[in-house]
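S.K.: Protein chains in written order, with numbering that gives the first Met the number 0: chain A, 0 to 210; chain B, 0 to 210.
There are 2 protein chains.
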Amino acid sequence: MVRPPGPREEKKQKTRQALLDAALTLLAGEQSFASLSLREVTREAGVVPTAFYRHFRDMDELGLALVDESFHALRQMMRAARSGTLPTEQLVHRSVATFVTHVRANDRHFQFLLRERAGGRSAIRNAIRTEIRLFISELATDLGRFPALNAWRTEDLRMMAGLVVSTLVNAVLDILDLPAGRPEDAQEMMTVLESQLRLILLGASLWKRGD
Amino acid sequence: MVRPPGPREEKKQKTRQALLDAALTLLAGEQSFASLSLREVTREAGVVPTAFYRHFRDMDELGLALVDESFHALRQMMRAARSGTLPTEQLVHRSVATFVTHVRANDRHFQFLLRERAGGRSAIRNAIRTEIRLFISELATDLGRFPALNAWRTEDLRMMAGLVVSTLVNAVLDILDLPAGRPEDAQEMMTVLESQLRLILLGASLWKRGD
DNA sequence: TGTACATCAGTGAACGCGCGTTCACTGATGTAC
DNA sequence: TGTACATCAGTGAACGCGCGTTCACTGATGTAC
Numbered sequence: 000m001v002r003p004p005g006p007r008e009e010k011k012q013k014t015r016q017a018l019l020d021a022a023l024t025l026l027a028g029e030q031s032f033a034s035l036s037l038r039e040v041t042r043e044a045g046v047v048p049t050a051f052y053r054h055f056r057d058m059d060e061l062g063l064a065l066v067d068e069s070f071h072a073l074r075q076m077m078r079a080a081r082s083g084t085l086p087t088e089q090l091v092h093r094s095v096a097t098f099v100t101h102v103r104a105n106d107r108h109f110q111f112l113l114r115e116r117a118g119g120r121s122a123i124r125n126a127i128r129t130e131i132r133l134f135i136s137e138l139a140t141d142l143g144r145f146p147a148l149n150a151w152r153t154e155d156l157r158m159m160a161g162l163v164v165s166t167l168v169n170a171v172l173d174i175l176d177l178p179a180g181r182p183e184d185a186q187e188m189m190t191v192l193e194s195q196l197r198l199i200l201l202g203a204s205l206w207k208r209g210d
Numbered sequence: 000m001v002r003p004p005g006p007r008e009e010k011k012q013k014t015r016q017a018l019l020d021a022a023l024t025l026l027a028g029e030q031s032f033a034s035l036s037l038r039e040v041t042r043e044a045g046v047v048p049t050a051f052y053r054h055f056r057d058m059d060e061l062g063l064a065l066v067d068e069s070f071h072a073l074r075q076m077m078r079a080a081r082s083g084t085l086p087t088e089q090l091v092h093r094s095v096a097t098f099v100t101h102v103r104a105n106d107r108h109f110q111f112l113l114r115e116r117a118g119g120r121s122a123i124r125n126a127i128r129t130e131i132r133l134f135i136s137e138l139a140t141d142l143g144r145f146p147a148l149n150a151w152r153t154e155d156l157r158m159m160a161g162l163v164v165s166t167l168v169n170a171v172l173d174i175l176d177l178p179a180g181r182p183e184d185a186q187e188m189m190t191v192l193e194s195q196l197r198l199i200l201l202g203a204s205l206w207k208r209g210d
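Structure representation (structure tokens):
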């Protein structure tokens with residue numbers, strides 16, 4: 000039987016979340032994770048430095064928790080998108096709009112992922128790359144369900160999914176750079192991203208397996 | 000009239016280069032630029048910390064010099080590639096081989112660029128993004144010279160060039176991860192990259208300006 | 001329910017360390033005559 | 001060519017600072033009877 004958490008456990012989880020949020024907030028500015036200090040994080044979270052060790056062994060462990068948190072939100076969005084219908088014609092347009100909205104709503108998480116994907120700490124870098132590879136596999140599976148693509152070989156589906164994902168990842172950079180008060184910039188960026196995805200789909204319609 | 004540099008100036012340039020090389024070497028490991036200290040760089044270069052200031056105002060200035068150096072090499076490769084012939088059929092295959100060879104030969108520079116493109120210091124990040132934007136523009140111009148594409152609008156050429164560049168940038172990540180002694184991994188990676196670029200070209204052959 | 005003890009999230013002082021930057025310096029190279 | 005002075009790349013000591021981590025602690029929450 001699972002007991003409901005008492006006030007002590009609740010407060011502990013709150014502090015843990017405060018530490019994660021503090022790190023994200025500091026990371027949203029100039030800093031990269033590697034240059035973020037344990038003391039800065041606890042200061043921002045409003046606890047004493049030593050309290051950190053009640054929640055994480057070191058900064059790496061906190062970073063991995065941030066990776067988890069970031070991809071959890073992304074997977075939820077993907078699941079919602081998958082369960083929707085497929086009008087095909089509007090599919091690209093809707094997916095782009097959903098994606099851009101999601102990234103802007105979770106900008107601190109994506110900023111973190113984008114920086115640390117190529118960044119310093121190998122434990123964090125590898126965790127992010129593993130998640131991205133998983134994301135590519137899932138997208139490849141989804142693509143294979145389309146009538147036009149279900150005769151494709153697995154490796155060709157992965158190749159195409161990789162192309163789509165690298166286009167999306169690159170778009171995240173542009174999305175994060177969007178100034179807050181200029182919707183026309185966001186529109187232009189979305190138009191370009193949509194065109195790029197359509198170009199890929201056009202290419203797929205002519206693709207012949209190259210064996 | 001320009002005097003030839005004396006022994007003093009020559010030695011100074013040598014130390015400057017030693018500092019740049021030291022930073023690159025340290026960056027090739029676990030560290031990101033933001034976590035790299037001035038003292039570490041001078042230690043690796045074999046000079047005293049204060050000698051640093053004879054060459055750079057601070058670490059940012061050294062970082063910008065590394066950006067310059069990295070893109071200088073890349074532009075030289077591009078220029079060489081542009082001056083070659085265009086067999087069209089083998090064009091993608093040859094370009095991919097040239098690109099992969101160049102990245103592997105300059106792996107430390109590309110590691111630096113890839114990390115700092117999304118990384119901490121805004122001065123360096125902006126310098127890298129400006130160079131990439133320039134690279135996209137040049138590629139768009141080149142693409143516009145192909146008979147099949149010379150009726151395209153400038154913005155569509157830029158859109159396509161952006162797609163190609165984000166594919167290449169993403170490929171750099173994979174290239175840098177290639178283990179040294181496994182040529183079959185490199186082959187597979189190149190095959191995938193080639194397929195992705197061919198897919199884009201196929202899409203381009205069907206593209207209709209969307210006005 | 002009331003009491004006595006155990007747990008443990010968060011505190012606060014202390015430590016040794018590497019950092020960026022300052023300063024006065026040394027001695028080889030450069031320049032003027 | 002030789003001499004006397006100027007330049008300046010690199011040295012070495014010193015500084016104050018924020019860092020990660022240790023330790024013994026406090027007091028609210030949890031548990032057993």
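C-beta atoms are modelled at their ideal positions from N, C-alpha and C, and glycine is treated no differently.
Looking only at C-alpha atoms, which of V91/A, R78/A, L63/A, H108/A sits nearest to T24/A?
M.R.: H108/A
S.K.: In angstroms with no decimal places, state the Cα-to-Cα distance between F111/A and T190/A.
M.R.: Between F111/A and T190/A, the C-alpha separation is close to 25 Å.
S.K.: Grouping DSSP H, G and I as helix and E and B as strand, with all else coil, what is P4/B?
M.R.: coil
S.K.: Under a Cβ-count criterion, where at least 16 other Cβ atoms within 10 Å of its own Cβ denotes burial, should G119/B be classed as buried or exposed?
M.R.: Taking a 10 Å sphere around the C-beta of G119/B, we find 16 or more other C-beta atoms and assign the residue as buried.
S.K.: I'd like the span of the alpha helix (DSSP H) that includes A44/A, first residue to last.
M.R.: Segment 37-44, the alpha helix (DSSP H) holding A44/A.
S.K.: Scan the segment 5-29 of chain B for residues whose Cβ lies nearer than 7 Å to a Cβ of chain A and list them as they occur along the chain.
M.R.: E29
S.K.: Using C-beta distances below 6 Å, list every residue in its chain close to F70/B, excluding the 5 sequence neighbours before and after it, in chain order.
M.R.: E130
S.K.: For G83/B, would you say it is in contact with chain A, using Cβ-to-Cβ distances shorter than 9 Å as the test?
M.R.: So no, G83/B is outside the interface.
S.K.: For L196/B and R144/A, what's the separation of their Cα atoms in angstroms?
M.R.: Roughly 23 Å between the two C-alpha positions.
S.K.: List, in order along the chain, the chain B residues whose C-beta lies closer than 7 Å to that of S136/A?
M.R.: Within chain B, no residue comes near S136/A; the closest Cβ sits about 14 Å away, beyond 7 Å.
S.K.: Quick test of your reading: A268/A and V66/A, contact by CB under 8 Å. State the CB separation rounded to the nearest angstrom.
M.R.: No statement about residue 268/A is possible, as the shown extent of chain A runs from 0 to 210 and does not include it.
S.K.: Under 8 Å, with one C-beta from each stretch per pair, do the segment 46-60 of chain A and the segment 88-102 of chain A reach the 3-pair mark?
M.R.: They do not touch, by the three-pair rule.
S.K.: Taking the alpha-carbon of E43/A as reference, which of L19/A, Y52/A, S31/A has the nearest alpha-carbon?
M.R.: L19/A
S.K.: Helix, strand or coil: how does DSSP classify L201/B here?
M.R.: helix
S.K.: What does L177/A reach in chain B if we use C-beta pairs closer than 8 Å?
M.R.: Within chain B, no residue comes near L177/A; the closest Cβ sits about 14 Å away, beyond 8 Å.
S.K.: In or out: T87/B buried (at least 16 other Cβ within 10 Å) or exposed?
M.R.: exposed
S.K.: Quick one: does I199/B have its CB under 9 Å from some CB of chain A?
M.R.: For I199/B, the nearest beta carbon of chain A is closer than 9 Å to its own beta carbon.
S.K.: At which residue ranges does the segment 155-207 of chain A contain complete alpha helix (DSSP H) runs of 4 or more residues, listed in the order of the chain?
M.R.: Listed in chain order, they are 182-205.
S.K.: Below 8 Å on the Cβ atoms is my guess for I123/B versus F51/B; work out the distance and round it to an integer in Å.
M.R.: The pair is not a contact, with the Cβ atoms about 17 Å apart (cut-off 8 Å).
S.K.: Let me see if you follow: with CB-CB separation under 9 Å, is M159/B close to chain A or not?
M.R.: yes
S.K.: Is D155/A close to chain B, meaning its C-beta is less than 9 Å from at least one C-beta of that chain?
M.R.: Cβ-Cβ to chain B under 9 Å: yes for D155/A.
S.K.: Below 6 Å CB to CB, which residues in the same chain sit around E137/B once its five sequence neighbours on both sides are set aside?
M.R.: none
S.K.: In the DSSP assignment, find the alpha helix (DSSP H) that holds H92/A and state where it starts and stops.
M.R.: Its alpha helix (DSSP H) spans residues 90-104.
S.K.: Mind listing which residues of the segment 69-93 of chain B have their C-beta closer than 9 Å to chain A's C-betas, in chain order?
M.R.: none
S.K.: Counting C-beta neighbours from all protein chains within 10 Å, is the total for N169/A 16 or more, i.e. buried, or is it exposed?
M.R.: If you draw a 10 Å sphere on the C-beta of N169/A, you find 16 or more other C-beta atoms in it, and that means buried.
S.K.: On the three-state DSSP scale, how would you describe L19/B?
M.R.: helix
S.K.: For D176/B, count neighbouring C-beta atoms within 10 Å of its own C-beta (all shown protein chains included) and say buried if the count is 16 or more, exposed if not.
M.R.: Counting the other Cβ atoms within 10 Å of the Cβ of D176/B gives fewer than 16, which makes it exposed.
S.K.: Given a threshold of 16 other Cβ atoms within 10 Å of its Cβ, counted over all protein chains shown, does D184/A qualify as buried or as exposed?
M.R.: exposed
S.K.: Whose C-beta lies closer than 7 Å to the C-beta of I135/B among residues of the same chain, with five residues either side of it excluded?
M.R.: Cβ within range, chain order: R157, A160, G161, V164.
S.K.: Give the residues from the segment 105-131 of chain A that approach chain B closer than 9 Å (Cβ to any Cβ), ordered along the chain.
M.R.: Q110, L113, R114, E115, R116, A117, G118, G119, R120, S121, R128
S.K.: Taking only the alpha-carbon atoms, compute the straight-line gap between W206/A and L133/B and give it to the nearest angstrom.
M.R.: 31 Å
S.K.: Quick one: list the residues of chain B neighbouring W206/A, beta-carbon separation under 8 Å, in chain order.
M.R.: L198, L201
S.K.: Going straight from the alpha carbon of S121/A to that of A17/A, what length do you get?
M.R.: Looking at the two C-alpha atoms, the distance is approximately 25 Å.
S.K.: With T129/A as the anchor, note down where its alpha helix (DSSP H) starts and where it stops.
M.R.: 121-143
S.K.: Any beta carbon of chain A sitting closer than 9 Å to that of A33/B?
M.R.: Cβ-Cβ to chain A under 9 Å: yes for A33/B.
S.K.: Would you report the Cα separation of A22/A and L172/A, rounded to the nearest angstrom?
M.R.: 20 Å
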